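Chemist:
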Amino acid sequence: DDFAGVLETFRSCPARRVINPLFSCLCSTEPQIKWRAITALGAVVANLAQEDMESARVVMRRMIWNLNDESGGIGWGVPETMGEVMARHEGLAREYVNILVSYIREDGNFLEYEPLQQGVLWGLGRLAQTSPELLQDAGAHLHPFLSSEDATLRGLAAWILGLLGGPQHESELEPLLERDSF
């Protein structure tokens, strides 16, 4: 299994040739296919942004559209991909971080479907790994997820807050240590 080699092949191909096939893989029920598509799209779109920022913005807007109710789709894998792209390209991160955060904001574009919430939190966590300073204002919007009935949402929120650091988040994380199960 040489995913690194495959990823390099994707990165060397013209972006327009590989983006659509990779997008279709985001809907795969096979986790390995979905996550490799997320990783590959992140790399391809970040490379595209180096060459043609406007074309990369078009791809980001396509992802935003896929998360819009009016699109008629669900947007499987899209928030994760947005986070992966932004983790790989600082310029796109600065432009689109507020949109990704808006998907967890009650006063924003809040996504109510828990699997999509998990995707948004994963995307935010991926971005927090490379640019935690861009997410400092997002902490307050993550706190409600710490008391979610969904253990994955709790865990992802705790992961992000841990990456962001700071005493303001430590007090929010302490009650999780007392839970019987995470």
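In our numbering, the protein residues as written are 26 to 207.
Backbone N, C-alpha and C fix where the C-beta goes; we use that ideal spot for every residue, glycine too.
Every value quoted in this text rests on a predicted model; they were computed, and no experiment measured them.
1) Just to check my reading of the structure: L167 and A182 have Cβ atoms closer than 8 Å, yes? What is that Cβ distance to the nearest angstrom?
2) Within its chain, find whatever has a CB closer than 8 Å to the CB of F35; leave out the 5 residues flanking it on each side and keep chain order.
3) Measuring only the C-alpha atoms, how far is M78 from F170?
4) Quick check on N123: does DSSP put it in helix, strand or coil?
5) Taking the alpha helix (DSSP H) that L181 falls in, what are its first and last residues?
6) With H, G and I counted as helix, E and B as strand and the rest as coil, what does DSSP make of N91?
7) For G191 and E137, what's the separation of their Cα atoms in angstroms?
8) So the candidates are E174, A71, F135; which of them puts its Cα closest to the Cα of R114?
9) Is it right to say N45 is buried, meaning 16 or more other beta carbons lie within 10 angstroms of its own, or is it exposed?
10) Have a look at M88, S156, A40, D94 and flag the residue whose alpha-carbon is nearest the alpha-carbon of L189.
11) Check whether the Cβ atoms of M88 and G148 lie closer than 8 Å to each other.
12) Taking 6 Å as the limit between beta carbons, can you name the residues of its chain near V103, skipping five residues before and five after?
13) Assuming the contact rule is C-beta atoms closer than 8 Å, I63 and E109 should be a hit. Round their C-beta distance to whole Å, please.
14) By the three-class DSSP mapping on this structure, what secondary structure does W101 have?
15) Apart from the five residues on each side of it in sequence, which residues of its chain come closer than 6 Å, Cβ to Cβ, to V126?
16) Whole angstroms is fine: what's the gap from A29's alpha carbon to R61's?
17) What span of residues does the alpha helix (DSSP H) with A165 cover, start to end?
18) Under 8 Å, do L73 and V122 count as touching if we go by C-beta distance?
Modeler: Working from what's here:
1) Cβ atoms of L167 and A182 come within 8 Å of each other, at about 5 Å.
2) The beta carbon of F35 sits closer than 8 Å to the beta carbons of V43, L47, A65, A68, V69 from its chain, once the five residues preceding and following it are set aside; these are given in chain order.
3) Taking the straight line from one Cα to the other gives about 34 Å.
4) In the structure shown, N123 sits in a helix (DSSP, three-state: H, G or I).
5) For L181, the enclosing alpha helix (DSSP H) begins and ends at 176-189.
6) DSSP places N91 in helix when its eight states are reduced to three.
7) Going from the Cα of G191 to the Cα of E137 covers about 28 Å.
8) First, the residue type needs correcting, since residue 114 is His and not Arg in the sequence shown. Relative to the Cα of H114, the nearest Cα in the group E174, A71, F135 belongs to A71.
9) Under this definition N45 is an exposed residue.
10) Nearest C-alpha to L189: S156.
11) Contact: no.
12) Same-chain partners within the cutoff: M88, N91, L92.
13) Yes, I63 and E109 are in contact; Cβ-Cβ is about 5 Å, under 8 Å.
14) DSSP places W101 in the coil class of the three-state scheme, outside both helix and strand.
15) Correct list, in chain order: A163.
16) Here the alpha carbons of R61 and A29 stand approximately 10 Å from one another.
17) Per DSSP, A165 is one residue of the alpha helix (DSSP H) stretching across 164-167.
18) Between L73 and V122, the C-beta gap is not smaller than 8 Å, which leaves the two residues out of contact.
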